[in-house]
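Remarks on the structure that follows.
Numbering (our numbering), first residue to last: 17 to 414.
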């Protein structure tokens, strides 16, 4: 009984780590990955030649492009541990039975989503007046995942992706659940969630259009109309959304060239990315290494922002991070690696894989999501699940 349901129990513990303890998350991923290696060696050694496993190892090779400059630097090993999540999660997913991943895992994922949503909703209804006021000053509701609103919103959007693109519900129920989840994402007023939700619903509408043999445009029209309608209704019904938009506009207007205020999130991103880009333009062959990125960004920041002290260690853009750390060649190789699943999605006519790659890529334009344990897990876990469902289904049907 224990062995039969082991992956189910491990997934539940993994969600416990994701929501409440980074240490538990690291431990469960390590232990589960080691168990998965043993399972694969015993049952399917050919897996280690599987394209997705080879793809998941590539970041560990590319990591060397930013590690040789200071081989013993602490940042190097921190980043290596983060990137090691790619092969670890792929091993975990592919060592688990397909029927369990496709059915049981999806149900657990959605139950976890309901639990995750209950926490910020509880705080809102506990004192909604104070919360609405807080949104007007740039703050948001507390959430699990150490109140990491960006990665939390990515998690919610992964649930939206699974509802729409995996066969766990009939068409009628998946659209109802997707609409409910979308409204809650809008209510929680996390802008990353808004953008990713638009991408996911648009891709789903395109998929319906393609399945209709392109004979009617109604799926795309309905998808776009649904997005516009829900956003409009949510704006007038939810003070959180109104306050978030109003604050974002106000903060954006506060930005002035040469000025910096660490309390402004958008202004901080804008200032640091500007300084990072200027550093790249100044040193065209820049290749500081992962350890050298903070000093490089700080030196450029001090030059363009009147010697002010920077409180962040890297740019808020995944591509700028790789460009400074590993050179333009490293950035191009990283881009090729990152886009490979999208190419596979196009070749396999799998809109879900393509959709998730685009969604994560856009989020990485304003956040270095793949520098964080949460970000890597939320990138690769849905991707590996979708890839497994697509490829094993093809094999089963052949």
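Ideal Cβ placement from N, Cα and C applies to all residues, glycine included. Keep in mind it's a predicted model, so treat the numbers as computed, not measured.
Cβ-based neighbour list, residue i, same chain, cut-off 6 Å, excluding 5 preceding and 5 following
| i | result |
| --- | --- |
| residue 255 | 148 |
| residue 329 | 310 |
| residue 75 | 99 and 102 |
| residue 34 | 41 |
| residue 380 | 334 |
| residue 223 | 367 |
| residue 206 | 165 and 169 |
| residue 358 | 370 and 373 |
| residue 73 | 103 |
| residue 142 | none |
| residue 375 | 212 and 215 |
Nearest-angstrom Cα separation, counted from residue j out to residue i
| i | j | result |
| --- | --- | --- |
| residue 369 | residue 221 | 15 Å |
| residue 309 | residue 378 | 22 Å |
| residue 297 | residue 184 | 49 Å |
| residue 252 | residue 258 | 7 Å |
| residue 295 | residue 36 | 38 Å |
| residue 285 | residue 54 | 43 Å |
| residue 408 | residue 114 | 7 Å |
| residue 332 | residue 362 | 29 Å |
| residue 312 | residue 282 | 21 Å |
| residue 302 | residue 389 | 26 Å |
| residue 320 | residue 287 | 9 Å |
| residue 48 | residue 337 | 30 Å |
| residue 119 | residue 182 | 9 Å |
| residue 31 | residue 386 | 19 Å |
| residue 275 | residue 300 | 26 Å |
| residue 59 | residue 51 | 12 Å |
| residue 293 | residue 340 | 9 Å |
| residue 90 | residue 38 | 19 Å |
| residue 317 | residue 228 | 52 Å |
| residue 278 | residue 22 | 46 Å |
| residue 190 | residue 196 | 10 Å |
| residue 88 | residue 402 | 37 Å |
| residue 26 | residue 127 | 15 Å |
| residue 420 | residue 69 | Here the chain comprises residues numbered 17 to 414, so residue 420 is not present and cannot be evaluated. |
| residue 272 | residue 226 | 46 Å |
| residue 452 | residue 391 | Limits of the chain in this structure are 17 at one end and 414 at the other, which puts residue 452 out of reach. |
Secondary structure of residue i, DSSP reduced to three states
| i | result |
| --- | --- |
| residue 157 | coil |
| residue 337 | helix |
| residue 32 | helix |
| residue 85 | coil |
| residue 330 | coil |
| residue 280 | coil |
| residue 357 | helix |
| residue 289 | helix |
| residue 10 | Since the first residue of the chain shown is 17 and the last is 414, residue 10 is not available in this structure. |
| residue 399 | helix |
| residue 301 | coil |
| residue 413 | Caution applies to residue 413, whose pLDDT of 37 falls short of 50 and renders its modelled position unreliable; the model cannot decide the point. |
| residue 373 | helix |
| residue 94 | helix |
| residue 228 | coil |
| residue 143 | coil |
| residue 42 | helix |
| residue 184 | coil |
| residue 319 | helix |
| residue 388 | coil |
| residue 118 | helix |
Chain-order list of residues whose beta-carbon lies under 7 Å from that of residue i (same chain, five-residue window excluded)
| i | result |
| --- | --- |
| residue 194 | 176, 179 and 180 |
| residue 125 | 175 and 178 |
| residue 136 | 157, 158, 159 and 204 |
| residue 208 | 166, 169, 170 and 379 |
| residue 383 | 166 and 332 |
| residue 354 | 377 |
| residue 413 | At residue 413, the pLDDT of 37 sits below 50, so the modelled position is not reliable and the matter cannot be decided from this model. |
| residue 242 | 217 |
| residue 28 | 124 |
Anticipated Cβ contact below 8 Å, residue i with residue j, distance rounded
| i | j | result |
| --- | --- | --- |
| residue 306 | residue 92 | 5 Å |
| residue 314 | residue 326 | 5 Å |
| residue 404 | residue 117 | 6 Å |
| residue 71 | residue 356 | 6 Å |
| residue 218 | residue 85 | Wrong, their Cβ atoms sit about 41 Å apart, outside the cutoff. |
| residue 263 | residue 151 | 7 Å |
| residue 172 | residue 129 | 7 Å |
Cβ shell of residue i (< 8 Å), same chain only, five flanking positions each side left out
| i | result |
| --- | --- |
| residue 96 | 76, 79 and 83 |
| residue 56 | 63, 64, 107, 110 and 111 |
| residue 393 | 34, 41, 45, 101 and 105 |
| residue 246 | 195, 198, 199 and 202 |
| residue 24 | 116, 120, 121 and 124 |
| residue 322 | 274 |
- Inter-stretch contact (C-beta, 8 Å, three-pair minimum) for the segment 153-161 and the segment 183-201: no
- Tell me, please, whether the segment 201-220 touches the segment 265-278 by the rule of three or more beta-carbon pairs shorter than 8 Å. no
- Determine, using beta-carbon pairs with one atom in the segment 347-354 and one in the segment 47-64, whether at least three such pairs fall under 8 Å. no
- Three or more C-beta pairs closer than 8 Å, one from the segment 389-398 and one from the segment 105-115: is that the case here? yes
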